[in-house]
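K.L.:
Protein chains in written order, with the working numbering: chain A, 52 to 268; chain B, 52 to 268; chain C, 2 to 218; chain D, 2 to 218. C-beta atoms are modelled at their ideal positions from N, C-alpha and C, and glycine is treated no differently. Only a predicted model underlies this, so the values are computations on that prediction, with no experimental measurement involved.
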Amino acid sequence: MDAKELIARRVAREIHPGMLVNLGIGLPSLVANFVPANAGVFFQAENGVIGLGARPPEGMEDPNLTDAGGGFVTAVPGAASIDSAMSFGLIRGGHLDMTVLGGLQVDARGRLANWKVPGKMVPGMGGAMDLVTGAKSVVVAMQHSARGEPKIVAECSLPLTSLRRVNLIVTDLAVIIPTEDGLVLTETAPGISVDEVRAQTGAPLTLAPDLREMELA
Amino acid sequence: MDAKELIARRVAREIHPGMLVNLGIGLPSLVANFVPANAGVFFQAENGVIGLGARPPEGMEDPNLTDAGGGFVTAVPGAASIDSAMSFGLIRGGHLDMTVLGGLQVDARGRLANWKVPGKMVPGMGGAMDLVTGAKSVVVAMQHSARGEPKIVAECSLPLTSLRRVNLIVTDLAVIIPTEDGLVLTETAPGISVDEVRAQTGAPLTLAPDLREMELA
Amino acid sequence: MKRAIKPEAAAALIPDGSVLLIGGFMGVGSPHRLIDALVARGARGMTVVANDTAMPGHGIGKLVTAGVITRLVTSHIGLNPETQAKMIAGEIDVELVPQGSLVERIRAGGVGLGGILTPTGLGTEVEDDKPVIEVDGKRFLLEKPIKGDFALIAAHQADYVGNLAYSLTAHNFNPIMALAGATVIAEPDAIEPVGVIPPDAVKTPGVLVDHLIERAR
Amino acid sequence: MKRAIKPEAAAALIPDGSVLLIGGFMGVGSPHRLIDALVARGARGMTVVANDTAMPGHGIGKLVTAGVITRLVTSHIGLNPETQAKMIAGEIDVELVPQGSLVERIRAGGVGLGGILTPTGLGTEVEDDKPVIEVDGKRFLLEKPIKGDFALIAAHQADYVGNLAYSLTAHNFNPIMALAGATVIAEPDAIEPVGVIPPDAVKTPGVLVDHLIERAR
C-alpha cells in the first residue's frame, strides 16, 4: 500500500453515517474510495454539489457535473445542486461536519499552512480558509515530511490558513491530535516506531496513554 | 371616479414598458388595474413573485400564490419565484425600478412617514424601509389629507420611513415633485384649483412653470 | 435519512422558552399543522421570529391568540390587531425589524457572518443605538445576526434525505430560516422517495433538515 | 424581452478597461463563446473577478494567455501555472480572496449591503490592514462589496424575458454575479419560449439580465 492510500484509508475511519464531508483536491479526494457507498455519508464539493458520487463510466460524463478539481463525478440519489454562496454558507455557518485538507505545514499549536510558499508557489487559498474556519472538524491529510524536511513544525514558517486549531493530523507515519497543550501522538503506522515518527517531526510530541497502531478502513 | 381610482390611474402613467415595479398593499395595489397586460411591465410582490398577474377566476386560486396582502393572484408567463432574501436583495440592491407606497405623512424635504402612529397604530414597517431606501424611484400614492388634516407637512411628526427624498407624490388633488429646494406642484386634479391644493397642504408649494391638469391612464 | 414524524411528536421536541424561527408570509408557507400542535400542547414563553403574525385565527396568528408568544421579532403586524393589542398591553415584547434586514440577519446567522451592513433604517427609529459603520464614505447600520433554537418551516416537496423544494410565494422566509435553526423541522405538502426531486430543484439541502412532519392523512 | 445576440456583438459592447465578473469553476459554467469573442476582438486592460482562472487553453485561462487581463481578483490559481507566472512577472496584479469571502462580497455588492463581516481570514495575510469589527465579543473582518461593470455568466436554460436556470455544478458563481454586474450578459445552453421555464426553476429573474447570447449553431 502506498503512502497516499494508507492515509486515505485511515481518514476514512473518521467518517460516520449521516455526516456531510468536504474532501479537498488531491490526496483528500481519495478518501471517498474507502467509505462504503451505502454508509449514508454525503460528500460536498465546494463548487456546488452535495451528494458527490464516483467517477462516471466512460461516455457518461456530464460537463456540468465535476468535483472541485474539475474531474467528472456523478450525483448520488438525493443529491442537491447549490451555488457558491450556499456552498460557503454551509461551510462558514457550521453546517459541514468535516473537511479533509492537504497541508504544507502544521505547527505545535495545530495551525495549518496550505496555500502559499512565498516567492515560489502561490496557488491561492481557494476554499481552504473558509473550510478551516467553519467546518465542525478539520482533518489534515498529508505526507509526514517533504524531501526529508518535517511538515509538522514548532511554528509555521509559511503563511497560515487560519488561526483555528485543526482537529486531527493523519500522515503516512502517524495520527496526531493537536490539543491546547501541544501535539499528542495517538497512533503509529504499521511498522513505524515512535522514534521514527519523532525523528521526522519538527515539534514536540506527547504520547497518548493508549498509543496504538493505526487501523485502516 | 373615486379618489383612489383617480390616484391609481395617475400613478399608472408613470409606469413604462420593461420596468420592474413593486406595489404596496391597499391603494397602490390598484395601480396594476390601469397598466395594460401587454405593456411588458413586471410587478414584484415582495413576498416572492416577479410577474404578478390579476386575481384568478373563482375556483382557480392557488394557496401558494398570493400578493403581499395575502390575496390570491396569478403569475404571468415568464414569472419567477424568489425567496425573501432575493426579493429584498433586488430591492436594496437597486434592481427595482419603482415602488408605489401609501403614506401617512410626507414633509417639505420629501421624506416619508408610513409605518407608525406612536401610541395608536403600529403596523410595522414591513418592507417599506427597504423599498424607500433601495428602489430607483419611490412614488407615494395617498389621499391629500386625512380627516381634514394635511398629510403633506413642513416636518413629519410621525416616525420617518427613510431619510431618502421620495421622487413623486400623487394624491387625489395634485401631483407634487419633492426637490432639493422643496415641493413643486406640477399637476392639479381635474376641477381642483391651486388654492384648493394649497389650503389642504401643510408645507410650502412652488408652482411648476408648466403646471397643468392631471392626465389619467 | 429522516423518518417522518407526527406534528404532535415534533411539538413535544420543542421546549417552552425556545427561540423559534417560523416561515410564512401572511400565513402562506407557514407550517400550519405544527403550529396547531404547538397550540394543542399548550406551549408557552416562546420567542418567535417571523415576517408577520398573519391574522387572528390563521397561521402564526393562532400562536398569538393562544398566548404562546412572549417575545416577537417581526417586520409587520398591521393585519393582526390582536398582536398590536397584546403589544400595547405589554403581553408581547415586540421588536420591529425592516423586512429586508430581518431576512438578511437570519441569513447572516445561518451562514456564519457577524452581522449585516445595511443602509435600511439609517436616520429612523430603527437606527436606535446601533453601530453605524462607514465603508468608502457611505454609512451603514450594523444589524446583528439572528439564530433560532428551532426553525419551523413549510415546504412543497421533501424527500427522506430532507431535501426541500418550495412553491411560488410559499418560499418567502423558509429557505433562509432552514440555515439558521439549531434544529430544523420541515412540514412539506408531499414527501417523495429519495432520488425523485431533481438536484437542481432542491433549494434546501437535506443536511440542514433534522425532522420531517408526515403528510396529512 | 431580450433579443439574443451573437457573442461578437456582446464582446463589442464591453470596452477595454472594464471590470468583469466572470462565472465558472475550473471552466465549468463559464461563458465560453463570449470568452472566445473577447479574445478574438483583442480585448485589453480588463479587471477580472472570478473564482479561478481554470487552466491554460480553457475558460478564463484563455483570457490569461491572450493578455486580456491586467488585474485579477480570485481565490485560486493553483491549476493555471501561466497565471502564477504572469503574477510573479508583474504582468497581472492578483488579489487573492478566500472563496467564501469572494462570493459573499459579490453578493453584498449585488444586494446593496455595505460589506461582509466574516471570521474567514482573521489572523492571516488576508487580514492585512482591513478593519476588524467586534460583534458580541467575536471578531470579524470587514470585507468590502464587489461590483462589476459587466457580469459575464453561463446558464443552462434561459427564456426571452431573461430568466435563467442552472445545471448541477455549473451554478457556482453565476447566480450571484447576475446580481452584481451593471450590465449582465448571459450565455445559456438553450433558450426557451417565454412561459416554458417553471417559475420555481428560475434562479435568476430576467429583470437582472440585459443581454442573452444566441445559441450555438
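1) Less than 8 Å between the C-beta atoms of residue 38/D and residue 11/D, yes or no?
2) Among the residues of its own chain, which have a CB less than 6 Å from the CB of residue 224/B, if the five just before and after it don't count?
3) In chain order, what residues of the same chain have a beta carbon less than 7 Å from the beta carbon of residue 254/A, not counting five sequence neighbours either side?
4) Counting Cβ pairs closer than 8 Å, one from the region 118-135 of chain A and one from the region 163-177 of chain D, do we hit at least three?
5) Return the first residue and the last residue of the beta strand (DSSP E) that residue 155/D is part of.
6) Which value, in whole angstroms, describes the spacing of the CA atoms of residue 258/B and residue 192/B?
7) Residues in its own chain within less than 8 Å of residue 128/C by CB, not counting five upstream and five downstream?
8) Have a look at 65/C, 186/C, 106/C, 146/C and flag the residue whose alpha-carbon is nearest the alpha-carbon of residue 94/C.
9) Show which residues of chain C have a CB atom less than 9 Å away from the CB atom of residue 100/A.
10) Assuming residue 141/B contacts residue 217/B under a Cβ cut-off of 8 Å, what Cβ separation, rounded to an integer in Å, is found between them?
11) Does the beta-carbon distance from residue 57/D to residue 92/D come in below 8 Å?
12) Would you kindly check if the distance between the Cβ of residue 101/D and the Cβ of residue 36/A is under 8 Å?
13) Flag residue 169/D as yes if its beta-carbon sits less than 8 Å from any beta-carbon of chain C, otherwise no.
14) Quick one: Cα of residue 151/A to Cα of residue 190/A, how far?
15) Does residue 193/B come within less than 8 Å of chain C when only Cβ atoms are used?
16) Residue 40/D and residue 70/D: beta carbons closer than 8 Å?
17) Does the separation of the CB atoms of residue 119/A and residue 76/A fall below 8 Å?
18) So if I threshold CB-CB distances at 9 Å, which residues from the region 107-136 of chain D count as touching chain C?
19) Do residue 214/A and residue 228/A have their C-beta atoms within less than 8 Å of each other?
20) If we require 4 or more residues per run, which alpha helix (DSSP H) segments fall completely within the region 186-239 of chain A?
21) Within 10 angstroms of its Cβ, does residue 68/A collect 16 or more other Cβ (buried), or is it exposed?
22) Throw me the rounded Cβ distance for the residue 53/C and residue 76/C pair, which I believe falls under 8 Å.
23) If you measure between the beta carbons of residue 30/D and residue 89/A, is that distance less than 8 Å?
24) For residue 200/A and residue 156/A, I'd like the C-alpha separation in whole angstroms.
25) Do you know whose CA, among 146/B, 221/B, 246/B, 238/B, lies nearest residue 56/B's CA?
26) Determine, using beta carbons only, whether residue 189/C comes closer than 8 Å to chain A.
27) For the pair the region 174-187 of chain D and the region 145-152 of chain D, tell me if three or more CB-CB distances fall below 8 Å.
28) If we count the other Cβ atoms within 10 Å of its Cβ and call it buried at 16 or more, is residue 105/A buried or exposed?
29) Answer yes or no: does any C-beta atom of chain D fall closer than 8 Å to that of residue 141/C?
30) Do we get a CB-CB distance below 8 Å when we pair residue 132/A with the residues of chain D?
31) Which of the three DSSP states, helix, strand or coil, is assigned to residue 102/A?
32) Would a check of beta-carbon distances place residue 87/B closer than 8 Å to chain D?
33) How far does the alpha helix (DSSP H) with residue 200/D in it reach, from first residue to last?
34) I'd like the list of long-range same chain contacts for residue 145/C, defined as Cβ closer than 6 Å, with 5 residues on each side in sequence excluded.
35) Please classify residue 133/C as buried or exposed, where buried requires at least 16 other C-beta atoms within 10 Å of its C-beta.
36) Spatial neighbours of residue 147/C within its chain, please: C-beta separation below 8 Å, excluding the five flanking residues on both sides.
P.N.:
Taking the geometry as given:
1) yes
2) 195, 240, 243, 248
3) 158, 159, 203, 204, 205, 234
4) yes
5) 149-160
6) 20 Å
7) 122, 142
8) 65/C
9) 200
10) Not really, about 19 Å apart at Cβ, beyond 8 Å.
11) no
12) Beyond the ends of chain A as shown, which are 52 and 268, falls residue 36/A; an answer cannot be given.
13) yes
14) 5 Å
15) no
16) no
17) yes
18) 109, 112, 113, 114, 115, 116, 117, 118, 119, 120, 121, 132, 134, 135, 136
19) no
20) none
21) exposed
22) 7 Å
23) no
24) 10 Å
25) 221/B
26) no
27) yes
28) exposed
29) yes
30) yes
31) strand
32) no
33) It is not in any alpha helix (DSSP H) - residue 200/D carries neither H nor E in the DSSP assignment.
34) 116
35) exposed
36) 22, 50, 74, 103, 106, 107, 109, 110, 181
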